[in-house]
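The UniProt record's numbering puts the first residue of the sequence shown at 1, with every later residue one more than the last.
Idealized CB from N, CA, C, for every residue including glycine.
Just so it is clear, the structure is predicted and the values come from calculations on it, not from any experiment.
This report refers to the structure that appears directly beneath it.
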Amino acid sequence: MSEGDVTVEKLLTAAVGAVGGSERPGQVEMAEAVGEAVSEGRHLLVQAGTGTGKSLAYLVPSLLHADASDGPVIVATATLALQAQLVDRDLPALAKAAEPLLGRSPKWATLKGRANYACLHRVRDGAPDDQGELVPVEELAAGKLGAEVLRAREWAESQAASGGTGDRDKLEPGVTDRAWAQVSVSSRECLGASRCPYGSECFAEVARARSDGADVVVTNHALLAIDALEGLPVLPDHDVVVVDEAHELAARVTSVATADLWPGVIDRAATRSRAHVDDGDAEELRAAGEHLRQALLDAPVGRLDTVPERLLGALVELRDAARAVQSGFSGSSREERAADVEAARRAAKTMVDDVFGTAERLVANSEHDVLWVEDRERVGRSLRVAPLSVAGLLRERLFGQNTVVATSATLELGGSFDAAAGAFGLQGEGAPPWRSLDVGSPFDYGKQGILYVARDLPTPGRDGLRPEVVDMLVELMAAAGGRTLGLFSSRRAAQEAAEAVRKRLPDIPILCQGDDVVATLLRTFAADDTTSLFGTLSLWQGVDVPGGACQLVVIDRIPFPRPDEPLASARQRAVEKAGGNGFMSVAATHAALLLAQGAGRLIRRSSDRGVVAVLDPRLVTARYGSYLRASLPPMWFTTDQSVVVGALRRLATSS
């Protein structure tokens with residue numbers, strides 16, 4: 001049955017019924033717009049509020065397109081929660097509804113980067129130590145790391161025995177990155193299915209095989225970026241991409257394109273290389289790393305508009321030393337190596353390749369890159385490099401090669417899609433055509449929520465939480481009886497607020513980010529209507545706690561990027577050099593997006609009621625305040641503290 005035989009509306013109705021729901025305002029409009037965009041080959045930006053049912057609105061036309069074409073539609077998300085919703089709920093329901101209409105059972109698959117899957121070779125034969133030798137996991141030093149690796153290995157074996165996916169995201173509780181590195185490999189470290197003694201069981205290869213025959217392939221923004229920007233064919237051939245949580249895309253692509261370099265990783269690369277290349281070349285690489293360490297100690301922390309002479313010299317030395325080691329790998333014997341030797345060799349070469357590539361990029365110091373020196377926990381002083389903008393890359397490699405549907409609850413900032421379009425490279429001369437659509441929200445924000453701005457508080461400074469802010473926070477939380485999600489601009493501010501409120505409201509349990517893992521804190525917060533949770537950036541997005549547990553969202557200050565943040569400040573300066581308003585284009589846009597995401601934590605269901613309280617008067621007193629407020633859900637607005645306190649008390653009484 002062809003695409004034309006089944007309408008978008010007919011399949012959507014069946015799919016919504018299969019999940020036990022009913023069609024929502026804006027859902028049909030969005031589904032039909034996505035279908036038109038896909039058939040016409042024109043990009044579409046869609047803002048769809050929480051509760052719209054946007055996932056089925058794009059999955060339905062995507063499935064119909066895949067049914068009528070040879071390749072799958074790629075769906076990329078930013079969060080694990082949305083991936084799980086798509087794979088565990090929406091796609092099974094859609095397939096069930098579509099089977100009698102299409103005459104076949106549609107297929108879907110999840111695909112991630114190879115390092116997201118456990119590697120059975122590392123699990124069973126060990127990972128390279130600092131000398132490049134494979135170390136069985138039983139020989140790991142006792143302690144937390146060893147215990148985590150043992151647990152991850154046992155889990156991987158159970159996944160292999162039961163036909164599981166071996167996907168890291170299924171390991172609960174999770175393990176640290178250091179532990180996971182002992183049971184996984186990157187694509188460049190992989191032996192390949194034909195060389196690996198466990199190739200027939202490989203989790204990553206099984207996932208790729210499933211994706212080859214799928215109608216819809218669900219992946220993440222990072223793998224989409226690697227596929228599009230690095231020219232590596234990690235995804236099946238496709239011509240349509242749906243980017244959900246698209247407000248995160250540019251940041252995730254920037255992260256993929258960011259590299260860093262520090263002396264410790266150079267030392268490990270040199271040590272691991274000794275068994276595979278000339279010892280003198282490996283020693284030169286180690287010495288170059290030490291020279292870099294010394295040069296970094298003299299370099300200023302922060303953005304580098306010009307690279308200091310000593311630091312540049314150390315980078316040139318490092319680049320040349322890494323190139324010599326690379327040549328040693330290339331010139332080594334090509335005789336068939338044992339799998340364990342080849343695994344150690346590949347791991348060492350991958351580290352050297354990364355050192356060389358990053359050093360070469362830093363030496364080039366392109367006008368399209370931003371360089372900075374940073375002090376990092378456990379790593380020490382390091383050099384980082386990131387693209388000034390990814391808009392051009394996205395225009396050429398993603399939007400120039402596919403029809404893209406980008407959707408989010410927060411794409412329209414300040415009443416316009418221009419900021420999102422600019423981030424995607426869809427603005428300016430030569431940009432491809434695109435259409436925007438706001439399908440609204442099923443919620444009545446004017447009746448369900450109040451936006452309160454504490455106009456009479458002092459403008460936030462850099463000297464921590466002021467007493468007036470703490471007084472306001474305590475009064476609001478006392479009226480709400482807890483039930484508060486506190487979103488703070490820094491970990492220090494969250495901890496100071498938690499300590500102060502615990503002393504003055506001892507009957508209200510206060511959780512603070514850092515007390516436990518975020519997932520555990522969120523479960524505890526959601527389970528008890530009197531408990532409150534304070535935290536920083538990871539709580540501004542993705543938190544879904546409907547009902548009486550969250551009736552007050554407090555935002556301590558407008559979340560502008562720090563003035564000395566290297567990438568944001570460089571981007572702001574570039575806009576100004578081009579004649580634009582750097583503050584509005586970069587800092588205000590960044591703040592508007594986070595404010596919209598933070599305020600969006602309040603109303604998650606049609607029955608939710610509550611208050612978003614912003615303890616920063618600039619939201620009403622500054623000239624940019626109207627732009628920021630226009631980016632927020634259209635809640636009833638007030639600066640009257642007594643009105644808000646009364647409303648919170650009534651909510652607490654009725655809960």
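Exclusion of the five residues before and after Gly598 leaves Leu487, Trp540 and Ile555 as the residues of its chain whose Cβ lies within less than 6 Å of its Cβ.
The bridge partners DSSP lists for His43 are Trp434. In this structure, Gly49 places its C-beta atom within 8 Å of the C-beta atom of Ala409. Gly328 has its alpha-carbon roughly 22 Å from the corresponding atom of Gly192. Across the structure, Val363 and Asp353 are spaced so that their CA atoms are roughly 15 Å apart. According to the DSSP assignment, Pro566 belongs to the alpha helix (DSSP H) that extends over Pro566 to Lys577.
A Cβ-Cβ distance of about 5 Å is found for the pair Leu261 and Thr358, placing them in contact under the 8 Å criterion. Assigned with DSSP and collapsed to three states, Phe443 falls in coil, not helix or strand.
Contact between Val8 and Pro61 holds: CB atoms are separated by about 5 Å, below the 8 Å threshold. Spatial neighbours of Pro173 in its own chain (CB-CB distance under 6 Å, excluding positions within 5 residues in sequence) are not present. Look at the beta carbons and you see the stretch 240 to 247 not touching the stretch 120 to 128: under three pairs across the two are nearer than 8 Å. For Ser631, the closest alpha carbon among the candidates Ala207, Leu619 and Thr638 is that of Leu619. Collapsing the DSSP output to three states places Gly610 in a strand. Looking at Leu312, Gly51 and Gly610, the one whose alpha-carbon comes closest to that of Gly440 is Gly51. Under the 8 Å Cβ criterion, the stretch 453 to 472 counts as touching the stretch 624 to 644, having at least three qualifying pairs. Glu367 is not bridged by DSSP to any residue.
One Cα belongs to Glu283, the other to Pro563, and the distance between them is close to 41 Å. Secondary structure in the stretch 7 to 74: the beta strand (DSSP E) runs of 3 residues or longer, each lying completely within the stretch, are 43 to 47 in chain order.
Per the coordinates, the alpha-carbon of Leu223 lies some 47 Å from the alpha-carbon of Asp456. DSSP, reduced to helix, strand and coil, places Ala109 within a strand of the structure shown. Shortest Cα-Cα distance from Ala251 to any of Ile603, Gln448, Cys512 and Phe424 involves Phe424. The three-state secondary structure of Val256, taken from DSSP, is helix. Taking the Cα positions, Leu304 is about 29 Å away from Gly464.
Residue range Gly449 to Val453 is occupied by the beta strand (DSSP E) that includes Tyr452. Contact check for Ala33 against Val46 passes: the beta carbons are separated by less than 8 Å.
Take Asn365, set aside five residues on each side of it, and the residues of its chain with a beta-carbon closer than 7 Å to its own are Val307 and Leu371, in chain order. Leu297 is positioned such that its CB atom lies closer than 8 Å to that of Arg381. For Thr254 against Leu235, the beta-carbon gap comes to about 20 Å, at or over 8 Å, which does not count as contact.
Per DSSP, reduced to three states, the secondary structure at Ser187 is coil, with no helix or strand assignment. Excluding five sequence positions before and after Gln326, the CB atoms of its chain that fall closer than 8 Å to its own CB belong to Lys349, Val352, Asp353 and Phe356, given in chain order.
Counting other Cβ atoms within 10 Å of its Cβ, Ala179 reaches 16 or more and is therefore classed as buried.
Judged by beta-carbon spacing, Gln448 lies within the 8 Å limit of Asp608, meaning their Cβ atoms are closer than that value. Distance check between Ser186 and each of Ala321, Val240, Lys112 and Ala156 places Lys112 closest, using alpha-carbon atoms only. Take Phe560, set aside five residues on each side of it, and the residues of its chain with a beta-carbon closer than 6 Å to its own are Ala587 and Ala591, in chain order. Residue ranges of uninterrupted beta strand (DSSP E) with 3 or more members, entirely inside the stretch 458 to 495 and ordered along the chain, are 484 to 487.
Between the stretch 75 to 93 and the stretch 160 to 168, the count of Cβ pairs shorter than 8 Å is below three; the stretches do not touch.
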